[in-house]
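Enquirer: So in UniProt numbering, spot 151 of the sequence shown is number 151, and the numbers just go up one at a time.
All C-beta atoms in this analysis are idealised placements derived from N, C-alpha and C, irrespective of residue type, glycine included.
Can you read through this structure? Questions will come right after.
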Amino acid sequence: MALTAFPLFALLPTELRLQIWHEALLPSIRQPLYFYEKGCWGARHLTETDPDYDPDNDEHNLYMEFDCGSLAPLKVDIPLFYVNQEARGSVLSWIHHQGLAIRFSRETQSPVFIRSFDPKRDTLYVSEDQWHDFHVEPFDRMFEPDLENKLLSCPAPAFRRLAVPSALIMKEPRALEELFHWYYGIDEILLIVEARPDEFWHEDNEIKVQQRWEPECGVIQWPTFCWNHASDGFLWKGNSDVFSNDPLYKLLQDIGPQLVEKLRESTKQRFEIRPILVVKE
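Okay, structure coming up:
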């Protein structure tokens with residue numbers, strides 16, 4: 001808000017001004033996508049505070065796991081922070097509530113607001129170019145010098161939602177079957193229609209951050225392709241008639257039976273595939 005355009009703003013009651021600053025803030029961050037890059041798998045030695053720690057045999061305490069903290073954080077633009085001290089106070093309260101952190105950019109000599117990956121809420125995005133690395137990285141990591149010939153436990157990554165370009169499965173219809181070895185905890189797949197190239201996801205500066213992309217909340221939504229454990233097959237949830245002539249709809253119908261075999265082996269109770277569009281926030 002340009003205060004010079006509304007010189008009487010400062011004369012409003014404090015409570016009203018604070019309410020206006022609050023209403024001018026960004027909407028809550030919903031389900032942002034975080035771009036995968038190789039280097040997330042690593043070793044961790046359990047300590048006595050870990051529930052699976054084995055006090056009797058230390059060889060059982062070596063884990064290889066996906067470190068969500070290795071993902072580059074999102075950059076969140078908050079113009080209101082620079083208006084005045086009163087607005088800044090409202091922003092700082094919002095930042096705390098949203099779980100954001102502040103870094104300082106030497107390049108721009110200004111603060112940068114960032115948000116780290118939350119595996120309980122957020123979505124990991126794997127592009128076509130990164131798909132191969134995403135699958136072979138844990139296998140390759142096992143044979144690096146520090147882990148080779150070691151007794152390892154390998155839990156499923158903490159995140160449960162994965163996004164991939166819809167173009168990936170159009171080219172490789174069996175690609176999703178590869179998920180059930182290392183990433184068996186995933187129970188929701190988002191297929192990004194018209195996914196942007198990899199270079200659109202990152203900021204070009206000395207602070208390694210990602211741009212903020214979220215699923216579009218449009219009026220028309222794709223239906224969800226849901227695994228139904230009771231009927232041992234996939235069912236559509238939502239208005240599938242609107243998209244019944246779309247090639248992606250037909251492809252999902254075709255790959256459903258192939259995924260059923262993998263889902264039976266995994267004893268999953270829930271697994272969903274949902275095409276979406278994403279927008280830059």
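Taking the beta carbon of V279 as the centre, do at least 16 other beta carbons fall within 10 Å, making it buried, or is it exposed?
Expert: Start at 1 with the first residue of the sequence shown, and residue 279 comes out as number 279. Exposed, since its Cβ has fewer than 16 Cβ neighbours within 10 Å.
Enquirer: Do you know whose CA, among G256, L71, E23, lies nearest G42's CA?
Expert: Taking the sequence shown and counting its residues from 1, the one referred to as residue 42 is at position 42. It is L71 whose Cα lies nearest to the Cα of G42.
Enquirer: Do you know whose CA, among L248, P32, N61, lies nearest D50's CA?
Expert: The count along the sequence shown starts at 1 and reaches residue 50 at position 50. The shortest C-alpha separation from D50 is found at N61.
Enquirer: Can you give the Cα-Cα distance for L263 and I95, rounded to whole angstroms?
Expert: Position 263 of the sequence shown, counted from the start, is the residue given in the question as residue 263. Position 95 of the sequence shown, counted from the start, is the residue given in the question as residue 95. Rounded to the nearest angstrom, the two C-alpha atoms are 40 Å apart.
Enquirer: Can you tell me whether R44 is helix, strand or coil according to DSSP?
Expert: Mapped onto the sequence shown, residue 44 falls at position 44. Looking at R44 - three-state DSSP - the assignment turns out to be strand.
Enquirer: Whole angstroms are fine: how far does the CA of W21 sit from the CA of L162?
Expert: Position 162 of the sequence shown, counted from the first residue, corresponds to residue 162. Position 21 of the sequence shown, counted from the first residue, corresponds to residue 21. The alpha-carbon atoms of L162 and W21 are separated by roughly 35 Å.
Enquirer: For the beta strand (DSSP E) containing Y125, list its first residue and its last residue.
Expert: Residue 125 sits at position 125 when you count from the first residue of the sequence shown. Unbroken beta strand (DSSP E) run through Y125: 123-125.
Enquirer: Tell me which residues share the same chain as H45 and place their Cβ nearer than 7 Å to its Cβ, disregarding the 5 neighbours each side in the sequence.
Expert: The sequence position of residue 45 within the sequence shown is 45, counting from 1. The answer, listed in chain order, is N61, L62.
Enquirer: Which residue or residues does DSSP assign as beta-bridge partners of L191?
Expert: Position 191 of the sequence shown, counted from the first residue, corresponds to residue 191. BP columns for L191 point to V164, P275.
Enquirer: In angstroms with no decimal places, state the Cα-to-Cα distance between I169 and E86.
Expert: Taking the first residue of the sequence shown as 1, we reach residue 169 at position 169. Taking the first residue of the sequence shown as 1, we reach residue 86 at position 86. Those two C-alpha atoms are separated by around 50 Å.
Enquirer: Taking buried to mean at least 16 other C-beta atoms within 10 Å of its own C-beta, is I276 buried or exposed?
Expert: In the sequence shown, the residue the question calls residue 276 occupies position 276. Its Cβ being crowded by 16 or more others within 10 Å, I276 is buried.
Enquirer: Between the C-alpha atoms of M1 and L25, what's the straight-line distance to the nearest angstrom?
Expert: By 1-based counting over the sequence shown, the position of residue 1 is 1. By 1-based counting over the sequence shown, the position of residue 25 is 25. Low local confidence applies: a pLDDT of 49 at M1 is under 50, so the model's placement there is unreliable, with the coordinate-based value given in what follows. About 11 Å.
Enquirer: Apart from the five residues on each side of it in sequence, which residues of its chain come closer than 6 Å, Cβ to Cβ, to K208?
Expert: In the sequence shown, the residue the question calls residue 208 occupies position 208. Excluding sequence neighbours, K208 sits near A72.
Enquirer: When you compare each of Y125, S153, N149, F180 to R196 by their alpha carbons, which one comes out closest?
Expert: Along the sequence shown, one-based indexing puts residue 196 at 196. Nearest option by C-alpha distance: Y125.
Enquirer: Span of the alpha helix (DSSP H) holding G233?
Expert: To locate residue 233, count along the sequence shown from 1; it is residue 233. Segment 233-237 is the beta strand (DSSP E) holding G233; no alpha helix (DSSP H) there.
Enquirer: Give me the Cα-Cα distance between F9 and P79, rounded to the nearest whole angstrom.
Expert: The residue you call residue 9 lines up with position 9 of the sequence shown. The residue you call residue 79 lines up with position 79 of the sequence shown. Computed Cα separation, rounded: 18 Å.
Enquirer: From the DSSP output, read off the bridge partner residues of I114.
Expert: For the purposes of this step, residue 114 is taken as the residue at position 114 of the sequence shown. Paired residues: K75, A101.
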